[in-house]
Amino acid sequence: MSFLQSHAAISLALACVLWLVQLVIYPAFRFIDPHEFSRWHYRYTGAVTWVVAPLILLQAAGVVERFLFLQSPDLLWAIECFNTVLAWTVTVTVSVPLHSQLQRARNEKTMRKLVVTNWVRTASWSATAACSWIAASRA
Numbered sequence: 015m016s017f018l019q020s021h022a023a024i025s026l027a028l029a030c031v032l033w034l035v036q037l038v039i040y041p042a043f044r045f046i047d048p049h050e051f052s053r054w055h056y057r058y059t060g061a062v063t064w065v066v067a068p069l070i071l072l073q074a075a076g077v078v079e080r081f082l083f084l085q086s087p088d089l090l091w092a093i094e095c096f097n098t099v100l101a102w103t104v105t106v107t108v109s110v111p112l113h114s115q116l117q118r119a120r121n122e123k124t125m126r127k128l129v130v131t132n133w134v135r136t137a138s139w140s141a142t143a144a145c146s147w148i149a150a151s152r153a
């Protein structure tokens, strides 16, 4: 498997995780017993970090590596890079603080905001996956 194929597979895996979170896990938050929510959320965030962290680190490293080895960065790489930076920015500035709020107490408004803002991450990592697959198919 080539570097570009590996990078595309990692990007696709990350996009799939985001779609699962967006369509299944976050909407299920409202069905968790309010008295158990903080404890459940603590376990959830700990467990999902083990899945997501390696993927986002490998995906970001792949974007950087593509830049270092491209003779001249192209529009496809620029779109992928933009979406990676956007997804990371939303994760750090919006999603992590919202999860911290939910860790302290279940709050419907915070859960809705998490679902709405997570569409940005879902779309960004999906676009990144699409760009990396196109790049891999061209190689």
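With the numbering used here as the guide, the letters of the sequence shown map in order to residues 15 to 153. By construction, the Cβ of each residue, glycine as well, lies at the ideal position given by its N, Cα and C atoms. These numbers come from a predicted model, not from an experiment.
For residue 15, there is no enclosing alpha helix (DSSP H), as DSSP marks it with neither H nor E. Looking at the backbone, the Cα of residue 149 and that of residue 49 are separated by about 48 Å.
Non-local C-beta neighbours of residue 51 in its own chain, meaning closer than 6 Å and more than five positions away in sequence, comprise 120, ordered along the chain.
Below 8 Å, too few C-beta pairs join the region 120-132 and the region 60-78 to call them touching: fewer than three.
Contact between residue 36 and residue 133 holds, since their C-beta atoms are separated by about 7 Å, short of 8 Å. At a Cβ-Cβ threshold of 7 Å, residue 146 and residue 22 count as neighbours. The DSSP-derived three-state label of residue 46 is coil. CA-CA distance, residue 116 to residue 33, rounds to 20 Å. Counting only the Cα atoms, residue 62 lies some 26 Å from residue 18. By the Cβ neighbour-count rule, residue 79 is exposed, with fewer than 16 other Cβ atoms within 10 Å of its own. Collapsing the DSSP output to three states places residue 118 in a helix.
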